[in-house]
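Numbering (our numbering), first residue to last: 116 to 301.
Here's what the structure looks like:
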């Protein structure tokens, strides 16, 4: 006898999740996790600090981006909350007034933690490819590693892997040098 069809999670299911948890709908399944540890927040904040001025504000860099911390993305039935996301201003020239954004970003960064790494590397990465996100960065605080990918004909191509105290220039933010050492220390 065939299993009954799995019920797809709804936005109402997501809204019912208690406030301390982060909730997403990935491939129709409600996925929850606790707020990340402070080290995770430190890494996301450090990276945002590196790219905000030059790319969001145009100070010391080319500008041309809208960068957001933990935006709620509604992408064809999936509700995804990346750690950081960015849109080229020619695609999204202002931040919408709504809580959720339906336009896929140009760049996404996921800071990996033991509880989220598998989902970030598999299901979420596939969603980002399906939605045409052009660049994906995966940052892993435990191994002090940053991996940068570019989407090429629907397939993620590794641009580079850097670790520890490397100074990098990685697409789409290659106009500036980013010191990874600043990510790992308070």
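Using N, Cα and C, we set each Cβ at its ideal position, and we do this for glycine too.
Where residue i falls: helix, strand or coil (DSSP)
i           : result
residue 288 : coil
residue 157 : helix
residue 169 : helix
residue 272 : strand
residue 227 : coil
residue 162 : helix
residue 193 : strand
residue 144 : strand
residue 218 : coil
residue 212 : coil
residue 124 : coil
residue 188 : strand
residue 301 : coil
residue 200 : strand
residue 134 : coil
residue 183 : strand
Test item: CB-CB of residue i and residue j under 7 Å
i           : j           : result
residue 291 : residue 201 : no
residue 188 : residue 171 : no
residue 163 : residue 199 : yes
residue 263 : residue 275 : yes
residue 254 : residue 226 : yes
residue 196 : residue 288 : no
residue 190 : residue 207 : no
Cβ separation of residue i and residue j, assumed to be a contact under 8 Å, to the nearest whole Å
i           : j           : result
residue 157 : residue 301 : 6 Å
residue 74  : residue 147 : This structure gives no information on residue 74, because the portion of the chain shown stretches from 116 to 301.
residue 224 : residue 252 : 4 Å
residue 155 : residue 256 : 6 Å
residue 228 : residue 159 : No, residue 228 and residue 159 are not in contact; Cβ-Cβ is about 11 Å, not under 8 Å.
residue 271 : residue 240 : 7 Å
Across the segment 253 to 272 and the segment 129 to 143, are there enough close Cβ pairs to call them in contact, namely three or more that are closer than 8 Å?
Touching, no.
At what residue ranges does the segment 235 to 280 contain a whole run of the alpha helix (DSSP H), taking only runs of 4 or more?
The segment 235 to 280 contains these whole alpha helix (DSSP H) runs: 240 to 245.
Contact between the segment 292 to 299 and the segment 273 to 281: three or more CB pairs below 8 Å?
Contact between the segment 292 to 299 and the segment 273 to 281 is present, with at least three C-beta pairs closer than 8 Å.
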